[in-house]
Amino acid sequence: DAGVIQSPRHEVTEMGQEVTLRCKPISGHNSLFWYRQTMMRGLELLIYFNNNVPIDDSGMPEDRFSAKMPNASFSTLKIQPSEPRDSAVYFCASVPSLSSGNTIYFGEGSWLTVV
Amino acid sequence: SQQGEEDPQALSIQEGENATMNCSYKTSINNLQWYRQNSGRGLVHLILIRSNEREKHSGRLRVTLDTSKKSSSLLITASRAADTASYFCATGGFGNEKLTFGTGTRLTIIP
């Protein structure tokens, strides 16, 4: 079975440009998470969706960040405009449901560098 | 903010030795999970221990949980070069939302 699929795997962009990261969760999984990983701050939860509805976006750092989940098989994380401090690895993850104890399945990450 | 804090931050041992990593957390939990991250890859689930369990085994992995001390340990026995990775603990409340990860332990196995 295919796991969580993220694209692009690597992106280098100039400051001020719009960045769109994409995620396809595992089929049948009802909940989707976006995490950001940096050396300084570790792994941070940005936002998560349940049944395509955003549940908690308190981890989204600024209004420059937005996330959507138009259907059960696709989500985007957009940064507009991007800044050098946004450079990080962005992970998408999914779970079958929000029941306690479910394993979270991570994608391979999108490595973003903003110059 | 980080819920879990792993200790040590980095650990280097010889192949064949046992590796022990610790995790401390702050609030009440329903379960605690350990994940592994190979360099340049996503996190992979290793094992989950529930709050009413004290020890759990999976292959060469042994996890303990002490809820009175709000701490957990991950033991990897007979380490192999392929065990080189970062290891994270993750704590969840009641429901999978807000599953928060610790800062991780970088484990290096020296062949």
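These protein sequence lines are chains F and S, in that order. Just so we're on the same page, this note's numbering is the position in the first sequence counted from 1, plus 976. Just so we're on the same page, this note's numbering is the position in the second sequence counted from 1, plus 1. We treat Cβ as the ideally placed atom computed from N, Cα and C, and that holds for glycine.
For residue i, which beta-bridge partners are listed by DSSP?
{"i": "Q993/F", "result": "Q993/F is not bridged to any residue."}
{"i": "Y1024/F", "result": "F1009/F, D1032/F"}
{"i": "N23/S", "result": "D8/S, S74/S"}
{"i": "V1090/F", "result": "T989/F"}
{"i": "V80/S", "result": "One point to set straight first is that residue 80/S is Ser, not Val, in the sequence displayed. Bridge partners of S80/S: none, in fact."}
{"i": "L1053/F", "result": "L997/F, A1043/F"}
{"i": "I981/F", "result": "K1000/F"}
Just mark residue i as buried or exposed, buried being the case when its beta carbon has 16 or more other beta carbons within 10 Å.
{"i": "E7/S", "result": "buried"}
{"i": "N32/S", "result": "buried"}
{"i": "K1000/F", "result": "buried"}
{"i": "S2/S", "result": "Residue placement at S2/S is flagged as unreliable, the pLDDT there being 41, under the threshold of 50; the coordinate-derived value follows with that caveat. Exposed, by the Cβ-count rule."}
{"i": "T101/S", "result": "buried"}
{"i": "T106/S", "result": "buried"}
{"i": "A86/S", "result": "buried"}
{"i": "A978/F", "result": "exposed"}
{"i": "M1045/F", "result": "buried"}
{"i": "D84/S", "result": "buried"}
{"i": "Q1013/F", "result": "buried"}
{"i": "M22/S", "result": "buried"}
{"i": "A1064/F", "result": "buried"}
What do you reckon, are the CB atoms on residue i and residue j nearer than 9 Å?
{"i": "V1091/F", "j": "E990/F", "result": "yes"}
{"i": "P1037/F", "j": "G992/F", "result": "no"}
{"i": "A1043/F", "j": "N1028/F", "result": "no"}
{"i": "G43/S", "j": "G1077/F", "result": "no"}
{"i": "Y1066/F", "j": "L1053/F", "result": "yes"}
{"i": "S80/S", "j": "I14/S", "result": "yes"}
{"i": "V64/S", "j": "S73/S", "result": "yes"}
{"i": "G1003/F", "j": "Y1024/F", "result": "A small correction: the amino acid at residue 1003/F is Ser; Gly does not occupy that position in the sequence shown. Cβ atoms of S1003/F and Y1024/F: not closer than 9 Å."}
Using a Cβ-Cβ cut-off of 9 Å, state whether residue i counts as contacting chain A.
{"i": "L100/S", "result": "No chain A is part of this structure, whose protein chains are labelled F and S."}
Hey, quick one: how far does the beta strand (DSSP E) through residue i stretch, first residue to last?
{"i": "D67/S", "result": "62-67"}
{"i": "N1078/F", "result": "Run containing N1078/F: none; DSSP gives neither H nor E here."}
{"i": "V1071/F", "result": "1064-1071"}
{"i": "S1042/F", "result": "1041-1047"}
{"i": "Q38/S", "result": "32-38"}
{"i": "A91/S", "result": "86-93"}
{"i": "L47/S", "result": "44-51"}
{"i": "I111/S", "result": "106-111"}
Between the region 1010-1039 of chain F and chain S, which residues of the former have a C-beta closer than 9 Å to a C-beta of the latter?
Y1011, Q1013, R1017, G1018, L1019, E1020, L1021, Y1024, N1026, I1031, D1032
Give, in chain order, every residue of the region 27-39 of chain S whose Cβ lies closer than 9 Å to some Cβ of chain F.
Across the region 27-39 of chain S, CB contacts with chain F closer than 9 Å involve N31, N32, Q34, Y36, Q38, in sequence order along the chain.
Give me the subset of the region 38-59 of chain S whose CB atoms are less than 9 Å from a CB atom of chain F, sorted by chain position.
Q38, G41, R42, G43, L44, V45, H46, L49, R51
According to a CB-to-CB cut-off of less than 7 Å, which residues of the region 1068-1080 of chain F neighbour chain S?
Going along the region 1068-1080 of chain F in chain order, one finds V1071, L1074, S1075, S1076, G1077, N1078, T1079, I1080 with a Cβ nearer than 7 Å to chain S.
Taking a cut of 9 Å between CB atoms, which residues from the region 984-1004 of chain F lie near chain S?
none
If contact means a Cβ-Cβ distance below 8 Å, which residues of the region 1044-1067 of chain F contact chain S?
For the region 1044-1067 of chain F, which is checked against every Cβ of chain S, the residues closer than 8 Å are F1067.
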